[in-house]
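Engineer:
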Amino acid sequence: MSEEKKSLWQKIYSPMILSLAVRNLKLNKFRTILSMIGIVIGVFAICGMGMISAGFTEEMNSMISDTADTLTISPVGEKVIDGTTTSGFSAKDLRDIESAVKSVTKEYEFIPMYSSTKYVYIGKEMAMASISGMDSQDLEKITTLIQGTLPRGSTNVVVGEQFAEDNNLRIGSRMIMLNSAGQEVTSRVVGILEDTGMMTLGFSTSSAVVGSIEWYTGLVGDNHGLYDKVIVKAYDPTELTPIDDAIEKKMNGKKDKDSDDTVYILNSYEIMEVFDEIMSMSSIFTTIISGISLLVAAVAITNVMLMSVKERTREVGILRSIGTYRSQILQMFLYEAGLIGLIGAIAGTLLALIAAPVMLLGMIGSLDAMLTPAVLVYVPIGILIGLIVCLISGLYPAWKAANLNPVEAMSTD
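First residue of the sequence shown: 1, per full-length UniProt numbering; consecutive thereafter.
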């Protein structure tokens, strides 16, 4: 029996065969649902874990990348000045560090600062703050002012956006801190800095209270003129590692870091690269786990389809005897597998779209990453993978059904 000439679309799509496939799935609802559950779980694992991993990576990269052009240099060890043991960078240390930077690049920002932590009294409430003192011009280079003006003088400060929100601070608000002599010092908020997030490398504004050097030294003291840290901002992030090496060699007498270092350098560019590698490995691991789930689902679907072929052997024989082509039998069983895959994949993807935002909100407190292409791409990927897995799983059972001997099939009980 020869088949009529048909177009490619007619060979792929047949309303009659599709209706038969739908009918067969409805007649075996329980088996159909069990087959779908495996695909739902597998696609949910791939989409859900993929979305969460991609969303977390996007959010962390957006936080880290804003400061991926900075080195944060802190002192290691102590100095004895006028009989007092302390730590920090002297004027000579600053000159040495900057000379090392200049040996690599001329395009940079060099920002020495004072920093410590203090309790801040706001009305009847008390909060822990990270306080810093630096030149206003330097503050502009590493932060963004979203309200008010930069701090000048001995009483004005700016605060981080998150700190302001948590403590109901606004322009004009006042706060009290105790100076080194235990006396109350009142400061007035004149500006609010854009929140950089807690994951920011270098200078974080999340709990920041920042004033001029005059304000800071009046509150904490000048620590014999020693600065607590230095931030180096490079206009070309790829120069950070050479700058890091130059400072290590200049300050520590060697290129490689060691326990005897006199300075500790936090290289945000290297940390971002390490973070990307970790997230890539995590993504591979989650993909493997999800793939195992889909493999289990594929084996289950193959078994179910083979059982279906065995139970419907007589039906297949009757269809063949009345003129149904082998290709149509093949098509019918592939339609059944495809429908199981399509419906199961859509259900799994929808579950992932519900679960992933909830997980991301709990992990990073934001849903901004959910709308990025890196996350949304898992929607079509999940549906496509579920469909392909089911079609491949149904291929052998469909081929076996299409090649049954009609006479023998009809005689089967």
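All C-beta atoms, glycine included, are put in the ideal place defined by N, C-alpha and C.
Predicted model only: the values in this text are computed from it and were never measured.
(1) Check the DSSP bridge columns for Q331 and list the partner residues they point to.
(2) Candidates F56, D135 and M60: which alpha carbon is nearest I271's?
(3) With respect to the alpha helix (DSSP H) encompassing I213, which residues constitute its N-terminal and C-terminal limits?
(4) So, are the CB atoms of residue 421 and R170 less than 8 Å apart?
(5) Taking contact to mean at least 3 C-beta pairs separated by less than 8 Å, is the region 368-379 in contact with the region 262-281?
(6) Given that a residue counts as buried once 16 or more other Cβ atoms are within 10 Å of its Cβ, and exposed if not, what is V377?
(7) Assess contact between the region 230-248 and the region 100-118, defined as three or more Cβ pairs (one per stretch) separated by less than 8 Å. Is contact present?
(8) Below 8 Å on the Cβ atoms is my contact criterion, and I expect M359 with T57 to pass it. Report the Cβ-Cβ distance as a whole number of Å.
(9) Taking a contact to mean a Cβ-Cβ separation below 8 Å, would you say I176 touches D138 in this structure?
(10) Out of L18, K124, S212 and D222, state which residue places its alpha-carbon closest to the alpha-carbon of T86.
(11) Applying the 10 Å Cβ sphere with the 16-neighbour rule, what's the burial state of S259?
(12) With a threshold of 8 Å on Cβ separation, who are the neighbours of L84 within its own chain once the five nearest residues in sequence on each side are excluded?
(13) Give every residue of the same chain whose Cβ lies closer than 6 Å to the Cβ of I213, excluding the five residues on either side of it in the sequence, and list them in chain order.
(14) Measure how close the beta-carbons of Y396 and T302 come, nearest whole angstrom, since I'm counting them as under 8 Å.
(15) Using the beta-carbon count (16 or more within 10 Å), is M16 buried or exposed?
(16) Taking 8 Å as the cut-off, decide whether the C-beta atoms of A337 and G382 are in contact.
(17) Got a sec? Which residues, its chain only, sit under 7 Å from R31 by beta carbon, not counting five neighbours each side?
(18) My guess is that L391 and V316 are in contact by the Cβ rule of under 8 Å, so how many angstroms apart are they, rounded?
(19) Please list the terminal residues of the continuous alpha helix (DSSP H) segment that includes V101.
(20) Taking I364 as the reference, which of V40, I52, V43 and L351 has the closest Cα?
(21) Please classify residue 455: does DSSP put it in a helix, a strand, or coil?
(22) For the beta strand (DSSP E) that contains V230, what are its first and last residues?
(23) Would you report the Cα separation of T324 and L20, rounded to the nearest angstrom?
(24) Residues in the same chain with beta-carbon distance under 6 Å from N167, minus the five sequence neighbours each way, listed in chain order, please.
(25) Specify, as a first and last residue, the run of the alpha helix (DSSP H) that Y269 falls within.
(26) Between which residues of its own chain and Y216 is the CB-CB distance below 6 Å, once the five residues before and five after are set aside?
(27) Tell me where the alpha helix (DSSP H) around M410 begins and ends.
(28) Go through its chain and collect everything with a Cβ distance to L18's Cβ below 8 Å, but skip five positions before and after it.
(29) Restricting to Cα atoms, I'd like to know which of K118, A129, Y108 and K229 is closest to S180.
(30) Using three-state DSSP, classify F44 as helix, strand or coil.
(31) Is the beta carbon of A45 sitting closer than 8 Å to the one on A374?
(32) For L34, tell me which candidate among A300, L361, M307 and L350 has the shortest Cα-Cα distance.
(33) For Y108, write down the residues that DSSP places opposite it in a beta bridge.
(34) Could you give the DSSP three-state label for Q137: helix, strand or coil?
(35) Between which residues of its own chain and D96 is the CB-CB distance below 8 Å, once the five residues before and five after are set aside?
Structural biologist: For this structure:
(1) Reading the sequence shown from its first residue, position 331 is the one you call residue 331. Note: Q331 sits in no beta bridge, so no partner.
(2) Along the sequence shown, read from residue 1 onward, the residue named residue 271 stands at position 271. The residue with the shortest Cα to Cα distance from I271 is M60.
(3) On the sequence shown, position 213 is the one that residue 213 refers to. I213 -> alpha helix (DSSP H) spans I213 to L219.
(4) Given a span of 1 to 413 for the chain in the structure shown, any question on residue 421 remains unanswerable.
(5) no
(6) The count along the sequence shown starts at 1 and reaches residue 377 at position 377. So V377 ends up on the exposed side.
(7) yes
(8) By one-based count along the sequence shown, residue 359 stands at place 359. By one-based count along the sequence shown, residue 57 stands at place 57. That belief does not hold up - the Cβ atoms of M359 and T57 are roughly 14 Å apart, past 8 Å.
(9) Along the sequence shown, read from residue 1 onward, the residue named residue 176 stands at position 176. Along the sequence shown, read from residue 1 onward, the residue named residue 138 stands at position 138. No, Cβ-Cβ distance for I176 and D138 is not below 8 Å.
(10) The sequence position of residue 86 within the sequence shown is 86, counting from 1. For T86, the nearest C-alpha among the options comes from D222.
(11) On the sequence shown, residue 259 is found 259 positions in, with the first residue counted as 1. Per-residue confidence for S259 stands at a pLDDT of 47, beneath the threshold of 50, marking its modelled position as unreliable; no derived number is given.
(12) As a position in the sequence shown, residue 84 is number 84, starting the count at 1. Note on residue identity: the sequence assigns Thr, not Leu, to residue 84. Once the five neighbours on either side are set aside, the close Cβ partners of T84 are H224.
(13) As a first step, residue 213 is located in the sequence shown; it is residue number 213 there, counting from the start. G133.
(14) For this step, residue 396 is matched to residue 396 along the sequence shown. For this step, residue 302 is matched to residue 302 along the sequence shown. Rounded, the Cβ-Cβ distance is 7 Å, consistent with contact.
(15) Your numbering for residue 16 matches position 16 in the sequence shown. Under this definition M16 is an exposed residue.
(16) Residue 337 sits at position 337 when you count from the first residue of the sequence shown. Residue 382 sits at position 382 when you count from the first residue of the sequence shown. Not a contact, by the Cβ cut-off of 8 Å.
(17) Walking along the sequence shown from the start, residue 31 turns up at place 31. V304, listed in sequence order.
(18) Along the sequence shown, one-based indexing puts residue 391 at 391. Along the sequence shown, one-based indexing puts residue 316 at 316. Between V316 and L391 the Cβ distance is about 19 Å, and since that is not below 8 Å, they are no contact.
(19) Here residue 101 refers to the residue found at position 101 when the sequence shown is read from its first residue. Per DSSP, V101 belongs to the alpha helix (DSSP H) from A91 to K102.
(20) Reading the sequence shown from its first residue, position 364 is the one you call residue 364. The shortest C-alpha separation from I364 is found at I52.
(21) Because the chain is modelled from 1 through 413, residue 455 falls outside the range shown and cannot be assessed.
(22) For the purposes of this step, residue 230 is taken as the residue at position 230 of the sequence shown. Residues K229 to A234.
(23) For the purposes of this step, residue 324 is taken as residue 324 along the sequence shown, with counting starting at 1. For the purposes of this step, residue 20 is taken as residue 20 along the sequence shown, with counting starting at 1. Each residue's alpha carbon lies about 12 Å from the other.
(24) Counting from 1 along the sequence shown, the entry for residue 167 is found at position 167. Excluding positions up to five away in sequence, the list reads I122 and A127.
(25) Locating residue 269 in the sequence shown gives position 269, where the first residue counts as 1. Note, Y269: alpha helix (DSSP H), S268 to E311.
(26) Walking along the sequence shown from the start, residue 216 turns up at place 216. Answer for Y216: Y114 and G133, listed in chain order.
(27) Here the question's residue 410 lines up with position 410 in the sequence shown. Run containing M410: P406 to M410, per the alpha helix (DSSP H) assignment.
(28) Taking the sequence shown and counting its residues from 1, one reaches residue 18 at position 18. So the list reads Y335, once near-sequence residues are dropped.
(29) If you number the sequence shown from 1, residue 180 lands on position 180. Here the closest residue by C-alpha is K118.
(30) Indexing the sequence shown from 1 puts residue 44 at position 44. Three-state result, F44: helix.
(31) Along the sequence shown, one-based indexing puts residue 45 at 45. Along the sequence shown, one-based indexing puts residue 374 at 374. Contact: no.
(32) For this step, residue 34 is matched to residue 34 along the sequence shown. Taking only the C-alpha atoms, the option nearest L34 is A300.
(33) Position 108 of the sequence shown, counted from the start, is the residue given in the question as residue 108. Looking at the DSSP assignment, Y108 forms a beta bridge with A234.
(34) On the sequence shown, position 137 is the one that residue 137 refers to. Helix at Q137.
(35) Counted from its first residue, the sequence shown places residue 96 at position 96. Only K250 and M251 meet the Cβ criterion.
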